[in-house]
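There are 2 protein chains.
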Amino acid sequence: MVNGHRLSFTILGTGAVGGFYGSRLLVGGAIVRFIARSDVAWIRTHGLRIESPLGDRHHRPVDVYAATDPIPTSDVVCIALKTTENDRLPELLRPLIHEGTVILNLQNGLTLEEELAATFPQAVVIAGLCFLCAHKIGPGHIRHLDYGRITLAPADARAQACIPALQAAFAAGGIETDVQESLLAARWRKLAWNIPFNGLSVLLDCHTAGIMFDPEARALADRLMQEVAAAASACGVPFEPGFIPRLLEATARMVPYDPSMRLDFLAGRPLEIEYLYRRPLREAARRGVRMPAVETLADLLSIRDRARRTSISAAVA
Amino acid sequence: MVNGHRLSFTILGTGAVGGFYGSRLLVGGAIVRFIARSDVAWIRTHGLRIESPLGDRHHRPVDVYAATDPIPTSDVVCIALKTTENDRLPELLRPLIHEGTVILNLQNGLTLEEELAATFPQAVVIAGLCFLCAHKIGPGHIRHLDYGRITLAPADARAQACIPALQAAFAAGGIETDVQESLLAARWRKLAWNIPFNGLSVLLDCHTAGIMFDPEARALADRLMQEVAAAASACGVPFEPGFIPRLLEATARMVPYDPSMRLDFLAGRPLEIEYLYRRPLREAARRGVRMPAVETLADLLSIRDRARRTSISAAVA
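Just so you know, the sequences run in chain order G and L.
The number in the working numbering is simply the position in the first sequence, starting from 1, with 3 added.
The number in the working numbering is simply the position in the second sequence, starting from 1, with 3 added.
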């Protein structure tokens, strides 16, 4: 990838994340190709609509492909699928990845980039940690509510060199980015928010404000964060003093926000438990650190997720 | 209290526990007086109906009082209120307790008998740990589904002496009892079941079979039990080897069973979190033992219990 030329992107997924950022990159002048599944025919006919405080957009025509179509080579491949579909990833990515292709992974979770780098050693892997409140409200139709910043974290020095071009492409589309030198630190910092607020929003059936303005729920979120902090330390990326209180304060100041897991739950989609909870638990356990409250949360989420889809309660009633 | 004579009982509460055991004691020939709140007028007019595999019963007339009525002295006062009403207990009990009155406490939880003994040093305190599946289906109307055994645990030697007469009164009504020498051990053994199954039945919205036949839910119940076992040990009443596996096995063999907390939750009643969770957590913490998974469960229950009654989610939406 060469800094300075007009970048081309292939975006895997036309959900809230893929649709929104793809639209912003188009607005900024990048070449953007989408790979969709159920929406391909719809988007080909009707285009892609984004409602957003940044301005509503209706992109039409849109360069959209099914995974089985021949797809032109792009500089950057953005992964914007849910991690619950990650068993499909190697097959989906294989035809798209060439020597030096940038994989920009917009998913949530831990150990994602290690897996990508191991499977595609010819690729340049960069994590893109999205702070976004948006959801898909219909085929090819995304509603962006708030936020949008991306934290970019390169997996290695080669990836580091590609950061400025990516930042420029996003900036042209009105998307703020910042850079974290340590991918592992960036992932754990994100988990410090995602682990409490995603799980609690499902189990307590409320948004961030519902958690923050209930003293007991806030205290539980804090306790979960302390467990994540201990695990991050054990993994060699301790949080700086004051990080967790500041994160809680910032959350209290946010407009009420539905974490992605709550949106998934309400929409009947499977929950991203493996990469958001099980992998961090495993990485911590490998260093001798347990996160018992986090584990309890993960178990409850996992059981409810499965029960909802298999109706265990009904089956034995 | 003299062994051998016809015992008299005053039963505080005409819910599932008070109504069912009161009925069985009546069947066995004891004198039984009930103290009711909302049901007084109804029971005076219509009596008390129990549907049960032991035989349906319709007691009429029933000796029923409001708390403010003058009430004859009884040998035994049974506490069959929810612990969520325990702030009313001293006032309710004061006119009923004389020198040597037996307080038979049928509530669930920890530290209950210590409180009673401290408030009423003239009384004889015995814990009655009920293994009962029954619920109130209307005013003065109880449905007994299964079980009914009571474990009696005396608070001291004086209480020990009253056990045979109590056992005889219950046996005459078809209620099996057994005796545990150590009240503290009996309470912790009961908590080993109550802590996981009450909480999980609410948070996972299912009965015991729903928990036992889901491998992940069963593993979580097991993990919660292990925390309770560690706390019981720290409190000086360790479980014997094999106790927890046997408890799990017995639960798997039970007919699907709705723990009382689930019935409370479904009926919109406040949950018994203080005596079932907070007191055990506090007693363990005093001995330097944490139960982090139990604490997480307690927090989630407490937040949901409060949210349901104050609609925090709605208030901030």
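C-beta atoms are modelled at their ideal positions from N, C-alpha and C, and glycine is treated no differently.
By the criterion of Cβ-Cβ separation under 8 Å, what are the contact partners of Glu219(G) in chain L?
Asp302, Ser305, Ile306 and Arg309
Using C-beta distances below 6 Å, list every residue in its chain close to Thr17(G), excluding the 5 sequence neighbours before and after it, in chain order.
Phe37, Ala39 and Asp42
Thr254(L): contacting residues in chain G (beta-carbon distance under 8 Å):
What Thr254(L) touches in chain G: nothing, since even the nearest Cβ is about 13 Å away.
Quick one: Cα of Ile153(L) to Cα of Ile82(G), how far?
60 Å
Run of the alpha helix (DSSP H) containing Ala24(L), from where it starts to where it stops:
It should be noted that the sequence gives Tyr, not Ala, for residue 24(L). Taken as a continuous stretch (DSSP letters only), the alpha helix (DSSP H) holding Tyr24(L) covers Ala19 to Val30.
Cross-strand partners of Leu107(L) (DSSP beta bridge):
Cys81(L) and Ile129(L)
Buried or exposed, going by whether 16 or more other CB atoms sit within 10 Å of the CB of Asp308(L)?
buried
If I follow the unbroken alpha helix (DSSP H) through Arg52(G), where does it start and stop?
Element bounds for Arg52(G): not the alpha helix (DSSP H) but the beta strand (DSSP E), Leu51 to Glu54.
To which residues of the same chain is Pro64(G) closer than 8 Å at the C-beta, ignoring the five residues directly before and after it?
Arg47 and Gly50
Would you check if the stretch 110 to 125 of chain G and the stretch 76 to 92 of chain G touch, i.e. whether three or more CB-CB distances between them fall below 8 Å?
yes
Spatial distance of Phe23(L) from Met228(L) (CA atoms):
29 Å
Any beta-carbon of chain L closer than 7 Å to the one on Ala296(G)?
yes
Could you compute how far the alpha carbon of Ser185(G) sits from the alpha carbon of Pro241(G)?
12 Å
Thr13(G) CB to nearest chain L CB: under 7 Å?
no
Leaving out the 5 sequence neighbours to the left and right, which residues in its chain are closer than 6 Å to Ile74(G) when beta-carbon positions are compared?
Tyr68
Is it true that the stretch 158 to 170 of chain L meets the stretch 197 to 209 of chain L, where meeting means three or more beta-carbon pairs spaced less than 8 Å apart?
no
For Leu223(L), which residues in chain G fall below 8 Å Cβ to Cβ?
Thr299, Asp302, Leu303 and Ile306
Just to confirm my understanding: we take Arg333(G), look at its own chain, exclude 5 residues before and 5 after, and list those with CB closer than 8 Å. What are they?
Beyond the ends of chain G as shown, which are 4 and 320, falls residue 333(G); an answer cannot be given.
From this set, Glu252(L), Ile306(L), His8(L) and Asp208(L), which residue's C-alpha is nearest Asp261(L)'s C-alpha?
Asp208(L)
Could you tell me the boundaries of the beta strand (DSSP E) in which Leu15(G) lies?
Ser11 to Leu15
Please return the same chain residues whose Cβ sits closer than 7 Å to the Cβ of Ser236(L), not counting the five positions on each side in sequence.
none
Strictly under 7 Å for the Cβ-Cβ distance: is Leu206(G) near chain L by that measure?
yes
Cβ-based burial, Asp59(L) [other Cβ within 10 Å; buried from 16]
exposed
To which residues of the same chain is Gly176(G) closer than 7 Å at the C-beta, ignoring the five residues directly before and after it?
Arg27, Leu28, Val30 and Gly31
How is Pro295(G) classed by DSSP in three states: helix, strand or coil?
helix
Could you pull out every unbroken alpha helix (DSSP H) segment of at least 4 residues lying fully inside the stretch 197 to 270 of chain G, listed in chain order?
211 to 215, 218 to 237, 246 to 256 and 263 to 269
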